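Residue numbers (our numbering): 902 to 992.
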């Protein structure tokens, strides 16, 4: 048990030696977060419009799946960038 704890905690010890991102990289990361959230918001709104369009149920579901999937993917990218920003960019 102790060996497992030591084995899995080792990466955290070595991660503390890494430098923080520079200001330019932090700003780019922050801009990326806004960009990805903007795209996700756009896709969520397009999905709402899709539900009001005249189309077959199969078309509506296919479009909804694509739009919603894209919105979720960009939301996750924003969340990932937010984690990077929180960890590697200190004020």
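Glycine included, each C-beta is placed from N, C-alpha and C at the ideal position.
Here the structure is a predicted model, which means the values were calculated and not measured.
(message) With a threshold of 9 Å between beta carbons, is residue 936 in contact with chain C?
(response) Among the chains of the structure shown, chain C does not appear; only one protein chain is present.
(request) Please go through the region 920–983 and give each complete alpha helix (DSSP H) segment of 4 or more residues, from N-terminal end onward. (result) 924–953
(request) Taking residue 965 and residue 981 to be in contact with their CB atoms under 8 Å, please state how far apart those CB atoms are, rounded to whole angstroms. (result) With 8 Å as the limit, residue 965 and residue 981 do not qualify as a contact, their Cβ atoms being about 24 Å apart.
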